[in-house]
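This report concerns only the one structure given below.
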Amino acid sequence: MAGNLTVPQPKRVILASASPARLQSLRQAGLTPEVIIPQVDESALHLPGASELTTALARMKGEAALESLRERGELTEPLVLFACDSMLEIEGRVHGKPGTPEAAVVRWYRMRGRQGLLYTGHYVALVLGPEDVRHQVRVATTGVTFADLTDAEIAAYAATGEPQRVAGAFTIDGYGGAFVTRITGDPHNVVGISLPLVRQMLLDLGVAWHLLWRSPEPN
Numbered sequence: 004m005a006g007n008l009t010v011p012q013p014k015r016v017i018l019a020s021a022s023p024a025r026l027q028s029l030r031q032a033g034l035t036p037e038v039i040i041p042q043v044d045e046s047a048l049h050l051p052g053a054s055e056l057t058t059a060l061a062r063m064k065g066e067a068a069l070e071s072l073r074e075r076g077e078l079t080e081p082l083v084l085f086a087c088d089s090m091l092e093i094e095g096r097v098h099g100k101p102g103t104p105e106a107a108v109v110r111w112y113r114m115r116g117r118q119g120l121l122y123t124g125h126y127v128a129l130v131l132g133p134e135d136v137r138h139q140v141r142v143a144t145t146g147v148t149f150a151d152l153t154d155a156e157i158a159a160y161a162a163t164g165e166p167q168r169v170a171g172a173f174t175i176d177g178y179g180g181a182f183v184t185r186i187t188g189d190p191h192n193v194v195g196i197s198l199p200l201v202r203q204m205l206l207d208l209g210v211a212w213h214l215l216w217r218s219p220e221p222n
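If you want it as structure tokens, here you go:
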């Protein structure tokens with residue numbers, strides 16, 4: 004159910020993420036977000052499950068970005084802010100970014116030929132003023148099936164540098180696209196932000212998704 008659409012409809016959109024893939028997803032969907040990279044200590048959180056961990060991290064990132072805006076005096080005009088965190092759960096183990104080529108190789112030895120669940124926690128905030136910040140926190144889950152890669156393919160993929168930079172050690176919009184054989188659920192979520200979920204979260208806050216679209220360029 005949609006929220007109260009009589010709230011001021013913001014034009015400013017902020018993405019609290021360093022992820023190029025999330026930024027590209029929003030741009031392709033018609034938005035023009037500003038980027039703030041929140042400074043958070045992700046290692047400070049110790050939660051048992053991927054759902055709890057990703058939502059807590061998304062909220063931490065979002066609140067850190069809002070505090071940065073508050074310190075700069077930029078919460079006086081209506082805006083919306085998105086923050087996300089993604090992790091892959093496979094065979095009961097939760098994985099973020101491998102960080103190194105060696106770790107990516109080990110990860111893919113476990114992943115090849117198997118199925119996993121990609122969790123993305125979403126934090127969406129509507130700012131109507133310095134003391135009027137409303138938010139939603141939810142998680143989206145997408146099933147992913149991986150091809151049975153050869154050792155040579157795994158080594159070559161790790162050498163590209165791509166898997167160590169992304170949650171779950173894979174992408175569907177880069178070198179790793181050929182290694183994903185099936186997706187069950189929202190493919191946007193695998194890229195790092197579920198657009199249908201964000202739309203619904205905005206509606207529940209009283210913001211219409213289409214009013215955030217940038218003006219179309221003249222023909």
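Numbered according to our numbering, the sequence shown spans residues 4 to 222. Every residue gets a Cβ at the ideal spot worked out from N, C-alpha and C, and that includes glycine. Nothing here was measured: the structure is a model prediction, and the numbers come from that model.
Per the coordinates, the alpha-carbon of Thr35 lies some 10 Å from the alpha-carbon of Leu18.
Under the DSSP assignment, Val10 falls outside any beta strand (DSSP E); it carries neither an H nor an E label.
In the DSSP annotation of this structure, Gln167 is not part of any beta strand (DSSP E), being labelled neither H nor E.
Comparing alpha carbon positions, the residue from Arg75, Ser71, Ala86, Gly52 closest to Arg62 is Ala86. Annotation: the stretch 51 to 125 contains the following complete segments of the beta strand (DSSP E) (minimum length 3 residues), in chain order: 82 to 93, 96 to 98. Under DSSP, Leu18 takes part in a beta bridge, and its partners are Val38, Phe85.
Annotated as proximal: Thr145 and Asp189, with beta-carbon spacing under 7 Å. Here His191 is buried: its Cβ has 16 or more other Cβ atoms, across all protein chains shown, within 10 Å.
In the displayed model, Val127 falls within a strand according to three-state DSSP. Across the structure, Gly209 and Val10 are spaced so that their CA atoms are roughly 6 Å apart.
With fewer than three CB-CB distances shorter than 8 Å, the stretch 147 to 158 does not count as touching the stretch 72 to 79. The shortest C-alpha to C-alpha distance from Gly95 to any of Gln118, Val108, Pro104 is the one to Gln118.
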